[in-house]
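Participant: Got a structure for you, questions after.
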Amino acid sequence: MLQGAPAPSIEHDFLRRLDVETVIDVGANIGQFATWVRWRFPDAALISFEPFPHAAATYRQHVSGPRVTLHECALGSLAGTSTLHVAGSDDSSSLLEIGDRQVELYPSTKEVDTIEVPVRRLDEIVTTNDLRGAALLKIDVQGTELDVLHGASALVGSIRWVYVECSFVELYTGQALAPEIVRFLDAADFDLEGIYNVSYHDGRAIQGDFLFVSRLA
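Just so we're aligned, residue 245 is where the sequence shown starts under our numbering, counting upward by one.
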């Protein structure tokens, strides 16, 4: 059964100040961020990626338009197939094993299933010719953010903004933490502009949304 229409992710509404013409939405789930993009940037090209079939089906039902494309695959540093660890709350599913700390903090994210999904490199699917004007790359993939960035090496130099969820503590087994993401993007000529939507537990920061801007823009 398909889920209801996704509510737009209004916690990202501060991004409306950006002059965005192309959005690459990695980890689209049922289309929460995509729905917000269609609301705030109705003329932008939207290229989304979601490997979980049920979530992708809901996305297709509710997010559409002449400039909307959905690829039903995960993204990583190498093309192939991988195991998706499906969480009870499916937007917390990951190619990495769901860690004990994640389940302790968010019990609804306990693993309930596994499925095999295709994995592609971003720069195999999206090229600079697909970018209409200034591009925003959004990544929300539950621990494999650095793999996505490694798989975008031929494209990232043409991206103006990278907006990525980063963790300060390990929630998924073997994930790259926020400092590694910052170092990678600094080496790729991006500055950290701000950290938003930070979640805390017992006074400790757990994760947040990091916005980077290209020094080459």
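For glycine and all other residues, C-beta sits at the position ideal for the given N, C-alpha and C.
What I want to know is whether the C-beta of F277 ends up closer than 7 Å to one or more non-hydrogen atoms of the ligand GTP.
Facilitator: Ligands displayed in this structure: none; no statement on the ligand GTP is therefore possible.
Participant: Return the residue from the list R427, G343, K382 that minimises the CA-CA distance to F277.
Facilitator: Measuring from the Cα of F277, the nearest candidate turns out to be K382.
Participant: Buried or exposed for L455, please, with buried defined as at least 16 other CB atoms from any protein chain shown within 10 angstroms of its CB.
Facilitator: Burial call: buried.
Participant: Near A299, which residues of its chain fall below 7 Å by C-beta distance, leaving aside the five closest residues on each side in sequence?
Facilitator: Result list for A299: N273, I274, D334, in chain order.
Participant: Could you check how far apart the C-beta atoms of A323 and D367 are, in whole angstroms? I think they sit under 8 Å.
Facilitator: That pair is no contact at about 11 Å.
Participant: Just how far apart, CA to CA, sit T313 and I369?
Facilitator: Going from the Cα of T313 to the Cα of I369 covers about 11 Å.
Participant: Which same chain residues end up closer than 6 Å to S321 when comparing Cβ atoms and leaving out the 5 residues on each side of it in sequence?
Facilitator: Excluding positions up to five away in sequence, the list reads D391, H394, G395.
Participant: Quick check on this structure: which residue in A461, Q419, P351, F296 has the alpha carbon closest to the alpha carbon of V400?
Facilitator: The candidate whose alpha carbon is nearest that of V400 is A461.
Participant: Consult DSSP for R261 and reduce its assignment to one of helix, strand or coil.
Facilitator: Reduced to three states, the DSSP call for R261 is helix.
Participant: Can you tell me whether I403 is buried or exposed, with buried defined as 16 or more other CB within 10 angstroms of its CB?
Facilitator: With 16 or more Cβ atoms within 10 Å of its Cβ, I403 is classed as buried.
Participant: With 16 as the cutoff for other CB atoms within 10 Å, does D257 come out buried or exposed?
Facilitator: The residue is exposed, with fewer than 16 neighbouring Cβ atoms inside 10 Å.
Participant: Do you know whose CA, among R427, V442, W405, E255, lies nearest T266's CA?
Facilitator: Cα-wise, what sits closest to T266 is W405.
Participant: When you compare the CB of I359 with every CB in chain D, is at least one pair closer than 8 Å?
Facilitator: Within the model displayed, chain D is absent; a lone protein chain is all it includes.
Participant: Pick out whichever of L429, R427, D453 has its Cα sitting closest to the Cα of S411.
Facilitator: Closest option to S411, Cα to Cα, is D453.
Participant: Could you check the C-alpha separation between A379 and N373 for me, to the nearest Å?
Facilitator: Looking at the two C-alpha atoms, the distance is approximately 12 Å.
Participant: State the DSSP-derived secondary structure class of R364, mapped to helix, strand or coil.
Facilitator: R364 falls in the strand class under three-state DSSP.
Participant: Please report the residue range of the alpha helix (DSSP H) in which V426 lies.
Facilitator: Per DSSP, V426 belongs to the alpha helix (DSSP H) from 422-431.
Participant: Can you name the start and end residues of the alpha helix (DSSP H) that A278 belongs to?
Facilitator: Run containing A278: 276-284, per the alpha helix (DSSP H) assignment.
Participant: Below 8 Å on the Cβ atoms is my contact criterion, and I expect R345 with V442 to pass it. Report the Cβ-Cβ distance as a whole number of Å.
Facilitator: That pair is no contact at about 17 Å.
Participant: Roughly how many angstroms separate the alpha carbons of I254 and Q419, rounded to a whole number?
Facilitator: Taking the straight line joining both Cα atoms gives about 27 Å.
Participant: Helix, strand or coil, according to DSSP, for D269 in the structure here?
Facilitator: The answer is strand: DSSP assigns D269 an E or B state.
Participant: Taking only the alpha-carbon atoms, compute the straight-line gap between A288 and V270 and give it to the nearest angstrom.
Facilitator: Each residue's alpha carbon lies about 16 Å from the other.
Participant: Check this for me: beta carbons of E409 and D384, under 8 Å apart or not?
Facilitator: Result yes, Cβ atoms of E409 and D384 sit closer than 8 Å.
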